[in-house]
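In my numbering, the protein residues as written are 2 to 200.
Spelled out as structure tokens, the structure:
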């Protein structure tokens, strides 16, 4: 269950025609963020709820500290992701290509229908919502990003996992572009006896 919560890292049905200016605004915001720190609440359509702390350092570094009772630590150093279930004392290595949310961790994001395609778009006075599909790996599934309009910043993302569970990660107290300790994104495995790799 805890792995499902993460794989739902990082879908709405309202359709509204986006303009080039809308897409440029989203691209410019995502590309301007080099680091991000926020508290989060994660909710799944199966009723599972958890919360914790999120750190991102582009390109491709991520740390998610889940609070008890979930007791999970996730660390991505840019090469692989370590999933540590503290309760079971079990470590799993996860490939970046298996996690939908990691595609927004790259240095440069371009919504041009080559890598990322707009599948859904909605905007009102308070927020902008965009659903993106990965053209080269459609098995990964879409990711939906929700932004506050004023100020324009990321406040939520949603994915649907392979078990068709929708997960929403809502961000609070977000701070962008402040220096983060690189040690946040390193993890030393003390013992390999309970380690495994998920394919």
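All C-beta atoms in this analysis are idealised placements derived from N, C-alpha and C, irrespective of residue type, glycine included.
Predicted model, so just to flag it, every value in this text is computed and none were measured.
Residue 103 - DSSP class collapsed to helix/strand/coil:
The sequence position of residue 103 within the chain shown is 102, counting from 1. Residue state, collapsed to three classes: helix.
With a threshold of 6 Å on Cβ separation, who are the neighbours of residue 87 within its own chain once the five nearest residues in sequence on each side are excluded?
The residue labelled residue 87 in the question sits at position 86 within the chain shown. Around residue 87: 72.
Cut-off 6 Å between Cβ atoms - residues of its own chain near residue 82, not counting five sequence neighbours on either side
Position 81 of the chain shown holds residue 82. Hits under 6 Å: 95.
Straight-line gap, residue 50 to residue 44 (C-alpha atoms, nearest Å):
What you label residue 50 is simply residue 49 of the chain shown in a count that begins at 1. What you label residue 44 is simply residue 43 of the chain shown in a count that begins at 1. CA-CA distance, residue 50 to residue 44, rounds to 5 Å.
Run through DSSP, which three-state label would residue 185 get?
Within the chain shown, numbered from 1, the residue matching residue 185 stands at position 184. Taken through DSSP and simplified to helix, strand or coil, residue 185 comes out as helix.
Enumerate in chain order the residues of its own chain whose CB-to-CB distance from residue 32 is below 8 Å, with the five nearest sequence positions on each side excluded.
Your numbering for residue 32 matches position 31 in the chain shown. Here the set comprises 108, 109, 110.
Strictly by DSSP, which residues pair up with residue 86?
Numbered from 1 along the chain shown, position 85 holds the residue referred to as residue 86. Looking at the DSSP assignment, residue 86 forms a beta bridge with 73, 91.
Backbone secondary structure at residue 26 - three-state DSSP
In the chain shown, the residue the question calls residue 26 occupies position 25. Helix.
Considering only their Cβ atoms, is the gap separating residue 144 from residue 155 smaller than 7 Å?
For the purposes of this step, residue 155 is taken as residue 154 along the chain shown, with counting starting at 1. For the purposes of this step, residue 144 is taken as residue 143 along the chain shown, with counting starting at 1. No; because the gap between Cβ atoms is not below 7 Å, this pair is not in contact.
Could you check the C-alpha separation between residue 20 and residue 120 for me, to the nearest Å?
The residue given as residue 20 occupies position 19 in the chain shown. The residue given as residue 120 occupies position 119 in the chain shown. Taking the CA atoms as reference points, residue 20 sits about 14 Å from residue 120.
With distance defined between alpha-carbon atoms, name the residue in 100, 151, 127 nearest to residue 168.
To locate residue 168, count along the chain shown from 1; it is residue 167. Answer by Cα proximity: 100.
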